[in-house]
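All remarks here apply to the structure that follows.
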Amino acid sequence: MIREIIPTFKNTKPEGHTITAINALTNAKSIVQVSKKERTLKRFKREFNLPQNAIDGLRNAITACDRPVKQLQNEADQLANRLEQRRFPESPENLKKVRDEVKRKLKSGKRDEISDFDKEAFGGKVQEAQQYELRNEVDKIMKKASFNWKPLEITTKEGAGAYSLARLAPNYAEIARCLEEFPEDFQPETVLDYGSGSAAGFWAVNQRWPMAKEVTMVDISDAMTKFAMDSLRKNQTSPDPTGKPFVHDNINFRRHLLPSLNTTYDVVLAHRVLSEIGSSETRLQLIESLWKRTNRFIILIESAQSSAFGGILEARDFLLTQGTTVDYRKLLIDLEEKVMLSPKVVRIVEDYNLSDYEKFVMLKEAIPHGETLPTMLPTASVLAPCPHDLGCPLGVHSACTFATRESDGTEVSKFTFMILEKASRAINTHTDRILKNRKLGGHVTCDVCTSFRGIQRLTLSKKHGDLYSAVRGRRDGDVLPVRLKTISTDGLFDVDS
Numbered sequence: 001m002i003r004e005i006i007p008t009f010k011n012t013k014p015e016g017h018t019i020t021a022i023n024a025l026t027n028a029k030s031i032v033q034v035s036k037k038e039r040t041l042k043r044f045k046r047e048f049n050l051p052q053n054a055i056d057g058l059r060n061a062i063t064a065c066d067r068p069v070k071q072l073q074n075e076a077d078q079l080a081n082r083l084e085q086r087r088f089p090e091s092p093e094n095l096k097k098v099r100d101e102v103k104r105k106l107k108s109g110k111r112d113e114i115s116d117f118d119k120e121a122f123g124g125k126v127q128e129a130q131q132y133e134l135r136n137e138v139d140k141i142m143k144k145a146s147f148n149w150k151p152l153e154i155t156t157k158e159g160a161g162a163y164s165l166a167r168l169a170p171n172y173a174e175i176a177r178c179l180e181e182f183p184e185d186f187q188p189e190t191v192l193d194y195g196s197g198s199a200a201g202f203w204a205v206n207q208r209w210p211m212a213k214e215v216t217m218v219d220i221s222d223a224m225t226k227f228a229m230d231s232l233r234k235n236q237t238s239p240d241p242t243g244k245p246f247v248h249d250n251i252n253f254r255r256h257l258l259p260s261l262n263t264t265y266d267v268v269l270a271h272r273v274l275s276e277i278g279s280s281e282t283r284l285q286l287i288e289s290l291w292k293r294t295n296r297f298i299i300l301i302e303s304a305q306s307s308a309f310g311g312i313l314e315a316r317d318f319l320l321t322q323g324t325t326v327d328y329r330k331l332l333i334d335l336e337e338k339v340m341l342s343p344k345v346v347r348i349v350e351d352y353n354l355s356d357y358e359k360f361v362m363l364k365e366a367i368p369h370g371e372t373l374p375t376m377l378p379t380a381s382v383l384a385p386c387p388h389d390l391g392c393p394l395g396v397h398s399a400c401t402f403a404t405r406e407s408d409g410t411e412v413s414k415f416t417f418m419i420l421e422k423a424s425r426a427i428n429t430h431t432d433r434i435l436k437n438r439k440l441g442g443h444v445t446c447d448v449c450t451s452f453r454g455i456q457r458l459t460l461s462k463k464h465g466d467l468y469s470a471v472r473g474r475r476d477g478d479v480l481p482v483r484l485k486t487i488s489t490d491g492l493f494d495v496d497s
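For the sequence shown, the residue numbers in the working numbering are 1 to 497.
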């Protein structure tokens, strides 16, 4: 139980209170000051309904399929259940480890191996049959345990229709919720939707940023792309004087990314794409390729499974690490050519006791003013949901999940996401995130992911007045509407911002 401290101000209207916060991971106790924010933080929507144009377009595309609508709906329901239970691809090392463990347990329960006489008499055929039977049993167990991952393949118009019926609304809601994280004054001109599928990304982008000049949709499935094109066509009942066939004046459809890195986009979206790539190395190669093609932001969205969240963390840590790893050879050559190479820079580069990040910070201050520090990839920072660029305190065995629902209150889906920006993190930004908000009788208990103090658990009661009301009105995944400041702590690693 968390013990609350008496408010700091008794006779006047309090500007802040001191309460006890507990680190949810280490149980270290801290005395923190809780005060109201100077400005009102944005409340994120949770209800997202498909635009009527998207519903009409889907209906037109569905009616053009060869199968009856009821049959397609039945296939869509079955596909939705399969996708709900689908696992994120395991690494080859983990798969081999699981297979070996299953095989060992099966062997331990089998009868003794065949005798040498039988081996010689039957030429090893009995042994081969036993090995074949063992492999089949291992495959059945792995499949039952959902270790039978395969990439999703859609090769027919009817398959694309079933997928769109199953996932258009949930995908739209997930992407629309992520776009809520962007500042109100941000208006991109170009957007790339990699793995566009049923065009849910287009509808979400068009709803949030109707002034976007160009939307490029990339999907390797021809059937999926053609179905999306049919759903995005204008209503043919009334002729269009412009002669443009789609609901947006500038939509591009492609099977692959353009080879040239000169074509870039203000926002790059990859919705449930990492789960379709079986190799960690290939996933990171794709992330690097997409990062080089964005001018500012990349959005990664996956399912709510902890393994899928681990895939997002892998991509996040890759971009953050590569963005602070200096290309030392290029730095030394460039500065030497410009006759700007100083002994201080050389000392920092050759100091093997320093980490790559320490060298990155020190070299930024040591190089001449106006020079750019060359890194392996452009420097990245997390826009949302993380309030920091440090390692995730949840780890890979838990997931930072978010939920969306329809206007009638029905939950559409749960998911996890990450938005990274091509820039260094802004100083003193308040983005502490509520992971879990438990609203009980007369008080609320929040698990909050903080910038420098990990996950903190704090309690506010009615006697905290406006602070209590502000926090109680927030939901899981919202930004904490109050500011925390550590006064004292018994945690060895707690650092105040």
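Where a beta carbon is used, it is the ideal one built from N, C-alpha and C, also for glycine. Here the structure is a predicted model, which means the values were calculated and not measured.
Asked                                                                                                                                                                                         : Found
Between Asp222, Arg177 and Val191, which lies nearest to Ala212 when the distance is taken from Cα to Cα?                                                                                     : Val191
Skipping 5 residues on each side, what residues in its chain have a beta carbon closer than 8 Å to that of Lys150?                                                                            : none
Tell me whether Ala270 sits in a helix, a strand or coil according to DSSP, three-state version.                                                                                              : strand
Ser469 lies in the beta strand (DSSP E); which residues open and close that run?                                                                                                              : Here Ser469 belongs to no beta strand (DSSP E); instead the alpha helix (DSSP H) covers Asp466 to Arg472.
Restricting to Cα atoms, I'd like to know which of Cys65, Ala162 and Asn49 is closest to Asn74.                                                                                               : Ala162
Under three-state DSSP, which class holds Met211?                                                                                                                                             : coil
What residues in its chain sit with their C-beta under 7 Å from that of Thr324, if we drop five residues either side in the sequence?                                                         : Asp356, Tyr357, Phe360, Thr375 and Thr379
Exposed or buried, what is Gly310 when buried is set at 16 or more other beta-carbons lying within 10 Å of its beta-carbon?                                                                   : buried
For His17, which three-state DSSP category applies?                                                                                                                                           : strand
In chain order, what residues of the same chain have a beta carbon less than 7 Å from the beta carbon of Leu58, not counting five sequence neighbours either side?                            : Ser164, Leu168 and Ser231
Could you check if Thr155 is buried or exposed, using at least 16 other CB atoms within 10 Å of its CB as the buried criterion?                                                               : exposed
In this structure, does DSSP put Glu421 in helix, strand or coil?                                                                                                                             : strand
Val273 and Ile299: beta carbons closer than 8 Å?                                                                                                                                              : no
Secondary structure at Phe309, three-state DSSP: helix, strand or coil?                                                                                                                       : helix
Might you give, ordered along the chain, the residues of its own chain that have their beta carbon closer than 7 Å to the beta carbon of Asp478, omitting 5 neighbours on each side?          : Arg43, Phe44 and Ile434
For Arg316 versus Met418, is the C-beta spacing smaller than 8 Å?                                                                                                                             : yes
Whole-angstrom Cβ separation of Val218 and His248, contact assumed at under 8 Å?                                                                                                              : Between His248 and Val218 the Cβ distance is about 16 Å, and since that is not below 8 Å, they are no contact.
Exposed or buried, what is Gln52 when buried is set at 16 or more other beta-carbons lying within 10 Å of its beta-carbon?                                                                    : exposed
Arg46 and Arg405 - do their beta-carbons sit closer together than 8 Å?                                                                                                                        : yes
Drop a sphere of 10 angstroms on the beta-carbon of Thr450, count the other beta-carbons inside from all chains shown, and report buried for 16 or more, exposed for fewer.                   : buried
Starting from the C-beta of Asp77, find all residues in its chain whose C-beta is less than 8 Å away, skip the five residues before and the five after it, and write them out in chain order. : Ala166
Output the distance between the C-alpha atoms of Arg254 and Phe246, rounded to the nearest integer angstrom.                                                                                  : 15 Å
Mind checking Arg474: buried by the 16 CB within 10 Å criterion, or exposed?                                                                                                                  : buried
Please give me, in chain order, every unbroken run of the alpha helix (DSSP H) with length at least 4 that falls completely inside the stretch 47–71.                                         : 52–63
Restricting to Cα atoms, I'd like to know which of Val69, Ala61, Leu83 and Ile141 is closest to Asp100.                                                                                       : Ile141
Look up Phe452 in the DSSP assignment and say whether it is helix, strand or coil.                                                                                                            : coil
Using the Cβ count rule (16 or more neighbours within 10 Å means buried), how would you classify Gly454?                                                                                      : buried
With DSSP as the reference, label Thr264 as helix, strand or coil.                                                                                                                            : coil
Give a yes or no on whether the C-beta atoms belonging to Val349 and Tyr328 are separated by under 8 Å.                                                                                       : yes
Quick check: the Cα distance between Lys244 and Trp203, rounded to an integer number of angstroms?                                                                                            : 18 Å
For Leu341, which residues from the same chain have a beta carbon less than 6 Å from its beta carbon, with the 5 sequence-adjacent residues on both sides left out?                           : Leu335
Does the beta-carbon distance from Ala200 to Asn171 come in below 8 Å?                                                                                                                        : yes
Who are the Cβ neighbours of Ile301 in its own chain at under 7 Å, not counting the five residues just before and after it?                                                                   : Glu174, Ile175, Cys178, His271, Arg272, Phe415 and Phe417
Helix, strand or coil: which one does DSSP assign to Arg135?                                                                                                                                  : helix
Anyone know if the C-beta pair for Val448 and Leu460 falls short of 8 Å?                                                                                                                      : no
Cα separation between Leu106 and Val98?                                                                                                                                                       : 12 Å
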